[in-house]
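Residue numbers (our numbering): 22 to 460. The beta carbon of each residue, even a glycine, is placed where N, CA and C say it ideally should be.
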C-alpha cells in the first residue's frame, strides 16, 4: 500500500514548481497516511476484469478516491474524446485510466493519463506528481500499456494520443553526418546484394559457374548447427619454373554456436589473364621493372595494362587520377652499403572519384591477388603500400617505407634523489632492528 505525506507546518518554504521528489515534498509534508480508500481498491479490482471503460481518480481530504467512471459503450477510439475530455477540469489535476480493446498476458491494456493543467495551484501539481507512481502501482503496472502527461486538452485527446504513439514508434532523429553514413551503408548493401545475386554467377574463388552443395539435414535445436562450406581452390596456370601446387577441393564442417568462431572468406579472386601472368614471371626474372594491372568489372578478370620501363621519377605519372590500379615496381636502391632490388606492391585508389562497386571490388581482390603472386609465383614482395595520389611516390618515401627508421633507444625514467640533510618527521612504526632510541 502506498502512502501520502500529511500536510504540516512549513508550507511557506515549499520549493519551486516543477520539483517533484520525496525529498522536496518533506519541506511541506510530514506525517504519512494511507492514500487509497478501500472503495477505490475494490473498484480497481472490478475494473481490471474489463467491464469499465474509464476511471477518474482524484485526491480529496488527503486520500485517493474515485472521481468518476464510465461503462463500456462502443470501440475505445470512438468513445475516447466523448468520455475523457469532459472529465478534465481546468483548475484541478487528476488521473485518468482508460481501457483499450487490446489485451496482454494479464488482461486488458490501459492508458494512464496524468492531467495537470497550467492554472492549477503549485501545491496540487507537486502532490499529484509525487503520487503518480503509487497510483500506477495500486492499479497494477502490468496492465498499463502507455502513459501520457498533459497540461492542455489537446495533449491528451485522441489525436494527441495518436501523435504520441507515432512519435514513440518513429526512428530517432539523425544528424546530417548520420544520414550521410546511413545512405552510404544502404548503397553498399545494394552493391553487395548485386554482387552476390545468382545473376552475377560469381564463385568466390574465380570459377564460373559456382559449385553446388546440398545442405545437410536439419539437426536438433539443442546442439550447434552444422554448416557445410565448399571451398574450391583452382590454381592458375603456372609458369615453367614457378611453384607448383595441385588443384584440390576441401569440405569444411563448421560448428555454429554461441562460442564458435566462424570461418570467413578472405575476399574475391578474379583470375589473372595470361599476359598478366607472363608479366609477373618476367618481373620475377627482372626482365622488366614495372607492371600495372586493372580489374575488368564486366568479365571479372585481372588484366594487364602495360609494363613500360619506369624510374622512380616516373612513378607519379603512372598513377591514374580517376580509377584504381594495382602496381608492381622493382625498386633498385642501396641500403647500408648493399645494392638491393626489392619488389614493391602499390595499391592506388583515388578517393571517392571511383564508384562504390569499384572500390569494394578492388579492396576485396587485393589480398587474394597478393596471395597468388607470393605463393604460386613465388615472388617475394618487400613492401605493400596504399596511396590515393601519385605525388606521394618519391624516392625518400619509398626508401622510408621499405627501410623504416628504427626508433632511438629511450633511457628509462631515473628517479631523482631525495633532499639532502633533512629526513622529515619521525616514523610512528619502528622498523626491524631499531631500538627506539633517538639518534
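Distance between residue j and residue i (C-alpha atoms, nearest Å)
i           : j           : result
residue 303 : residue 309 : 6 Å
residue 153 : residue 72  : 24 Å
residue 65  : residue 195 : 43 Å
residue 412 : residue 335 : 10 Å
residue 420 : residue 357 : 12 Å
residue 391 : residue 434 : 44 Å
residue 424 : residue 354 : 11 Å
residue 461 : residue 373 : Since the first residue of the chain shown is 22 and the last is 460, residue 461 is not available in this structure.
residue 81  : residue 105 : 20 Å
residue 422 : residue 402 : 13 Å
residue 67  : residue 143 : 33 Å
residue 146 : residue 215 : 60 Å
residue 189 : residue 313 : 55 Å
residue 180 : residue 60  : 33 Å
residue 123 : residue 130 : 6 Å
residue 345 : residue 375 : 7 Å
residue 151 : residue 210 : 50 Å
residue 198 : residue 93  : 50 Å
residue 437 : residue 388 : 52 Å
Spatial neighbours of residue i in its chain, beta-carbon cut-off 8 Å, leaving aside the 5 residues before and after
i           : result
residue 115 : 77, 78, 79, 88, 108, 109, 136 and 149
residue 331 : 310, 311, 339 and 350
residue 138 : 109, 110, 111, 112, 113, 114, 172 and 173
residue 409 : 369, 370, 371 and 372
8 Å contact criterion, which residue i and residue j should meet: CB distance rounded
i           : j           : result
residue 165 : residue 158 : In fact, because the Cβ distance is near 10 Å, the residues do not count as touching under 8 Å.
residue 62  : residue 97  : Residue 62 to residue 97, Cβ: 24 Å. No contact.
residue 134 : residue 177 : 5 Å
residue 69  : residue 128 : 6 Å
residue 398 : residue 305 : 6 Å
residue 293 : residue 393 : 7 Å
residue 132 : residue 169 : 7 Å
Contacting residues, own chain, Cβ-Cβ under 7 Å from residue i (five flanking each side not counted)
i           : result
residue 316 : 291, 323, 382, 383 and 386
residue 140 : 111 and 112
residue 163 : 127
Other residues of its chain near residue i: CB distance less than 6 Å, five sequence neighbours each side excluded
i           : result
residue 407 : 368
residue 337 : 411, 412 and 414
**Message:** Below 8 Å, how does it come out for the stretch 362-376 and the stretch 341-354: are there three or more Cβ pairs, yes or no?
**Reply:** yes
**Asked** Hey, is the stretch 413-426 in contact with the stretch 375-384, meaning 3+ C-beta pairs nearer than 8 Å?
**Response** no
**Request:** Jot down the residue ranges of each uninterrupted alpha helix (DSSP H) in the stretch 313-348, minimum 4 residues, whole runs only, in chain order.
**Result:** 336-339
**Asked** Can at least three beta-carbon pairs, one atom from the stretch 203-216 and one from the stretch 176-187, be found at a separation below 8 Å?
**Response** no
**Request:** Could I get the ranges of all uninterrupted alpha helix (DSSP H) runs contained in the stretch 138-169, with 4 residues as the minimum, in chain order?
**Result:** 143-160
**Prompt:** Curious, which full-length beta strand (DSSP E) runs of at least 3 residues does the stretch 350-390 contain?
**Reply:** 359-369
**Request:** For the stretch 65-126, list the beta strand (DSSP E) runs that are entirely contained and at least 3 residues long, ordered along the chain.
**Result:** 73-81, 84-92 and 115-125
**Item:** Length-filtered (4 minimum) alpha helix (DSSP H) runs lying within the stretch 384-424
**Value:** 416-423
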